[in-house]
Amino acid sequence: ALDLTDSTVAIDSVHLLTDDGASELSVGGAVPGAAPGALRFRARDVDLRDITGLLGADSLGLTGRVSVDFGVSGTAAAPTVHGTASLADAAYGTFRGPYARAIVDYAGKSLGLDVDLWRTGRRVMSVEAKLPIDLAFTAVSRRQVAGPLDVRVQADSADVEMLEAFTPNARELTGSFSADAGIQGTWDDPRLTGTVGVRNAGVSLPALGVRYDRITGAARLSGDSITLDSLSLRGGEGSLAVRGGVRLEQLTRPVFDLDLRAQGFRAMDVRNYLTLEASGQLRLTGPFFGATLTGRVTADQGVLYFADLVTKQVVDLSDPAMAALLDTALARDARLEPSIENRFLDSLGIDNLRLAVGDEFWLRSTEANIRLTGDMTVSKAARNYRLDGTLKADRGNYALKVGFITRPFTVQSGTVRFLGTPDLNAELDIQAVHTVRPADASPDIAVVAHITGTTLAPKLALSSPQNPTLSETELVSYLMFGRPSFALDQTGGAAVGGEQAALQTGIAYLSSALSTEIERALVSDLGVPVDFVEIRPGGAGGSFVNPNAGLTTLSAGWRIGKRTFFTFNAGLCPNLGQLSYKSFGASIEQRLDPWLRAQVSVEPVRTCQPNVAVDALGATNQYQLGLDLLWEREY
3 ALDLTDSTVA
13 IDSVHLLTDD
23 GASELSVGGA
33 VPGAAPGALR
43 FRARDVDLRD
53 ITGLLGADSL
63 GLTGRVSVDF
73 GVSGTAAAPT
83 VHGTASLADA
93 AYGTFRGPYA
103 RAIVDYAGKS
113 LGLDVDLWRT
123 GRRVMSVEAK
133 LPIDLAFTAV
143 SRRQVAGPLD
153 VRVQADSADV
163 EMLEAFTPNA
173 RELTGSFSAD
183 AGIQGTWDDP
193 RLTGTVGVRN
203 AGVSLPALGV
213 RYDRITGAAR
223 LSGDSITLDS
233 LSLRGGEGSL
243 AVRGGVRLEQ
253 LTRPVFDLDL
263 RAQGFRAMDV
273 RNYLTLEASG
283 QLRLTGPFFG
293 ATLTGRVTAD
303 QGVLYFADLV
313 TKQVVDLSDP
323 AMAALLDTAL
333 ARDARLEPSI
343 ENRFLDSLGI
353 DNLRLAVGDE
363 FWLRSTEANI
373 RLTGDMTVSK
383 AARNYRLDGT
393 LKADRGNYAL
403 KVGFITRPFT
413 VQSGTVRFLG
423 TPDLNAELDI
433 QAVHTVRPAD
443 ASPDIAVVAH
453 ITGTTLAPKL
463 ALSSPQNPTL
473 SETELVSYLM
483 FGRPSFALDQ
493 TGGAAVGGEQ
503 AALQTGIAYL
513 SSALSTEIER
523 ALVSDLGVPV
533 DFVEIRPGGA
543 GGSFVNPNAG
553 LTTLSAGWRI
563 GKRTFFTFNA
573 GLCPNLGQLS
583 YKSFGASIEQ
593 RLDPWLRAQV
603 SVEPVRTCQP
613 NVAVDALGAT
623 NQYQLGLDLL
633 WEREY
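Taking my numbering, the leading residue of the sequence shown gets 3, the next gets one more, and so forth.
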């Protein structure tokens with residue numbers, strides 16, 4: 003029962019017990035107000051997931067049992083609090099927490115706090131604090147009151163792993179730390195004392211794709227500063243050493259003055275974007291939010307990935323499952339995963355950091371592996387990174403894949419010039435050569451692959467300096483079969499249709515690079531209001547063997563709901579004339595759950611066969627209706 007009066011709120015004894023009797027809650031007494039009161043609250047072995055559920059927080063992977071016994075008395079303006087709390091069997095993911103016990107005493111604007119952490123019967127950490135603070139239940143002008151601060155933290159080989167529960171950016175923490183440190187003085191003039199050390203620690207940073215281990219260091223706390231006597235860690239086969247200090251303004255605003263020395267240190271290993279091992283000297287100065295990084299670094303080893311030229315695929319935005327990734331793609335403008343885009347890195351500035359590219363840094367895709375050398379300048383303001391400089395391509399290889407045939411090219415020369423744009427795009431100008439030995443024993447033909455465009459939208463052109471009259475179609479024919487296209491019809495037999503079809507396939511592969519560039523230009527450069535564009539070029543016309551060999555299809559899509567996507571398409575046969583409304587089709591797709599989707603399609607029957615009565619776009623008078631139920635699961 004609840005008893006309300008002008009000066010008090012009284013709660014009759016309330017007692018809750020689970021069915022199995024494992025947990026219970028009880029509360030009773032008078033809430034301190036204008037008149038004195040005394041309220042008692044007890045909780046025994048309450049599941050931590052129930053508490054986080056009531057608070058609206060995520061409880062996935064969280065376990066533990068909480069017990070509390072608190073008493074509050076006095077008035078709202080001058081309360082008195084005494085109580086204990088404990089947390090047992092706490093776990094979060096793979097982390098298993100120690101047993102924690104706390105004792106709280108508050109009276110006369112002075113808070114006393116004792117916290118102990120135990121593991122396997124041994125106390126690994128203790129915190130004792132006496133703080134002058136006003137915890138009145140009424141509004142006050144300032145909570146921090148005059149009086150001495152006295153905080154003492156002691157830890158003996160405590161597990162670094164316990165910190166994993168407090169940071170979303172670090173995983174698989176190992177090692178131990180020790181501390182004998184304190185805070186004295188006043189709120190306006192706090193003073194640090196003692197030492198802190200970490201031994202043989204390790205941490206994985208999924209956002210950077212790396213693990214740092216053998217983290218060992220010692221720091222001295224004095225006044226308002228932390229002095230790093232030593233801090234070293236390993237990344238890959240390299241190391242990083244940190245020296246200097248951190249000044250704490252009011253103990254809450256760190257100001258850096260650190261020197262960093264790297265030797266073959268693996269700083270990043272992000273799949274399909276950048277792998278970097280670096281050496282050099284860096285300096286980090288300034289406040290935590292707004293620090294500046296300067297210095298000179300050499301990229302000893304690394305790989306910068308760029309898009310494929312011929313075999314690249316456009317992301318299928320028609321898949322509603324991609325919706326969760328769209329905002330992530332925007333956050334990757336700086337090519338960093340969202341999990342490390344915290345306030346520190348967002349505000350970190352880089353001031354003309356000199357980056358020298360060593361002998362083992364490569365520009366790579368599934369088709370190319372090109373060595374780069376040179377110097378660049380790295381800058382950053384807010385979230386925008388900027389790279390300026392030109393790198394030389396002096397050796398490497400490029401594999402041109404046409405249909406089922408691959409031909410190796412040797413890189414002769416080239417440059418990669420960074421444009422200073424926020425997306426870290428770079429302009430490509432690379433030449434690679436492959437020598438064809440014709441089947442008819444005629445002179446060799448040097449085919450040059452000229453890679454231009456940018457790392458995000460590369461382009462490919464084929465030429466032969468010794469034979470400038472040869473078209474790209476003829477060069478593809480030489481690359482695939484060692485003879486010109488007109489000679490393919492002279493081999494006779496069933497090989498004729500097969501070789502001609504293979505040549506058309508090869509040309510279509512090369513044409514797909516151009517069509518993908520058109521798709522990018524329509525959406526990104528011209529701002530055409532569609533979510534998805536796809537152009538699938540055909541070959542040189544249809545036949546009875548393959549009536550759709552010359553069919554080019556054009557598709558455009560729009561997301562019309564959180565789980566619904568609409569696609570409009572049309573087909574074009576260049577050998578049959580103009581457009582016709584009868585060639586248009588459409589489909590609508592609905593995501594039913596994360597792995598199941600349904601699609602309904604209505605499309606005309608299309609053919610590029612010249613001897614069949616069709617309209618100008620290859621559409622007959624027949625339409626086909628399709629219903630697909632698709633289930634997919636990735637492991």
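The C-beta atom is built at its ideal place from N, Cα and C for all residues, glycine as well.
In the DSSP annotation of this structure, the continuous segment of the alpha helix (DSSP H) that includes Gly55 starts and ends at Leu50 to Leu56. For Ala36, the closest C-alpha among the options Thr140, Tyr400, Asp226 and Val435 is that of Thr140.
One Cα belongs to Ala463, the other to Gln601, and the distance between them is close to 38 Å. No residue range can be given for Met164, since it is assigned to no alpha helix (DSSP H) and is classified by DSSP as neither H nor E. Here DSSP, grouped into helix, strand and coil, assigns Ala24 to coil. About 16 Å separates the Cβ atoms of Glu279 and Gly297, ruling out a contact at the 8 Å cut-off. Beta-bridge partners of Ser227 (DSSP): Ser224 and Arg249. DSSP places Glu279 in the uninterrupted beta strand (DSSP E) bounded by Leu276 to Pro289.
Secondary structure at Ser234: strand, using DSSP grouped into helix, strand and coil. Three or more beta-carbon pairs separated by less than 8 Å are not found between the stretch 421-432 and the stretch 467-475, which leaves the two stretches without contact. The alpha carbon of Glu163 has as its nearest neighbour, out of Pro150, Gly99, Val29 and Ala32, the alpha carbon of Gly99. In the structure shown, Ser180 falls within a strand segment according to DSSP collapsed to helix, strand and coil. Per DSSP, the beta bridge partners of Thr294 are Thr287 and Gly351.
For the set Gly211, Leu374, Gly177 and Val299, the Cα lying nearest the Cα of Arg273 is the one of Gly211. Shortest Cα-Cα distance from Ala131 to any of Tyr108, Arg144, Arg201 and Val305 involves Tyr108. Per DSSP, Phe488 is not a residue of any alpha helix (DSSP H), being assigned neither H nor E. Sequence-distant partners of Ala138 (beyond 5 residues in either direction) whose C-beta falls short of 8 Å from its own C-beta, in its chain, are Ala78, Ala79, Ala80 and Pro81.
Rounded to whole angstroms, Leu50 and Phe43 show a C-alpha spacing of 17 Å. Using a C-beta cut-off of 8 Å, the stretch 279-293 makes contact with the stretch 249-265, since at least three inter-stretch Cβ pairs fall below that distance. Counted as a single uninterrupted DSSP element, the beta strand (DSSP E) harbouring Asn371 occupies residues Ala370 to Ala383.
Around the CB of Ser479, 16 or more other CB atoms lie within 10 Å, so the residue is classed as buried. Runs of the alpha helix (DSSP H) lying entirely within the stretch 451-479, each at least 4 residues long, are absent. Judged by DSSP secondary structure, Asp191 falls outside any beta strand (DSSP E); it is assigned neither H nor E. For Leu233, the CB contacts under 6 Å within the same chain, skipping 5 residues up- and downstream, are Gly219 and Val244 in chain order. The bridge partners DSSP lists for Ser206 are Arg173 and Arg213.
Collapsing the DSSP output to three states places Phe43 in a strand. For Arg439, no beta strand (DSSP E) run applies, since DSSP gives it neither H nor E. The DSSP-derived three-state label of Leu481 is helix. Residue pairing by DSSP puts Leu115 in a beta bridge opposite Val106 and Ala131. Here DSSP, grouped into helix, strand and coil, assigns Phe139 to coil.
Beta-bridge partners of Thr218 (DSSP): Ser234.
Within a 10 Å sphere around the beta-carbon of His17 sit fewer than 16 other beta-carbons, which makes this residue exposed.
With a 10 Å radius around the Cβ and a threshold of 16 neighbouring Cβ atoms, Gln468 comes out exposed. Rounded to the nearest whole angstrom, the C-alpha separation of Tyr101 and Asp152 is 25 Å. Look at Phe308 here: in three-state DSSP terms it is coil, with no helix or strand label. For Ile352, same chain residues with a beta-carbon under 6 Å away, outside a window of 5 residues either side, are Leu295, Val380, Ser381 and Lys382 in chain order.
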